[in-house]
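Participant: This is the structure, below, for whatever I ask next.
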Amino acid sequence: MREPGADEHLLDATGLLCPLPVLKARKALKPMTSGGRLVILATDPGAVADFQSFCEAQGHRLIDWSEKDGEYRFEIQKA
1 MREPGADEHL
11 LDATGLLCPL
21 PVLKARKALK
31 PMTSGGRLVI
41 LATDPGAVAD
51 FQSFCEAQGH
61 RLIDWSEKDG
71 EYRFEIQKA
């Protein structure tokens, strides 16, 4: 995995159960400028549906998500 760039922020939500990963992501996105990217690491399988719904409801773009060895990685672009 590449390191976050200047316009990216990393949120480690591993070990947290829903809805905490989404709540922490919402808080992290708030001060970011439009177009900024947030990379979230999570281990809760429910986070997949949660982040899809969250992005759709808030107008953010879920750029990509992946799973490897039980760890989920989400990349969100702020609306």
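Anchor point for the sequence shown: position 36 equals 36 in full-length UniProt numbering, and the numbering is continuous, going up by one each time. Even glycine gets a Cβ: it sits at the ideal position worked out from N, Cα and C.
Quick check on the burial criterion: 16 or more other C-beta atoms within 10 angstroms. Buried or exposed for Ile63?
Facilitator: exposed
Participant: Which one or two residues does DSSP pair with Ser66 in a beta bridge?
Facilitator: Arg73
Participant: In three-state terms, what does DSSP make of Ala57?
Facilitator: helix
Participant: DSSP three-state call for Asp50: helix, strand or coil?
Facilitator: Three-state DSSP puts Asp50 in a helix.
Participant: Start and end of the alpha helix (DSSP H) containing Glu28?
Facilitator: Residue identity check: residue 28 is Ala in the sequence provided, not Glu. Here the alpha helix (DSSP H) through Ala28 covers 20-29.
Participant: Short of 6 Å in beta carbon distance, which residues of its chain neighbour Arg61, apart from the five on each side in sequence? Order them along the chain.
Facilitator: Gln77
Participant: Excluding the 5 residues preceding and the 5 following Cys55 in the sequence, name in chain order all residues of the same chain whose CB lies nearer than 8 Å to its CB.
Facilitator: Arg61, Leu62, Ile76
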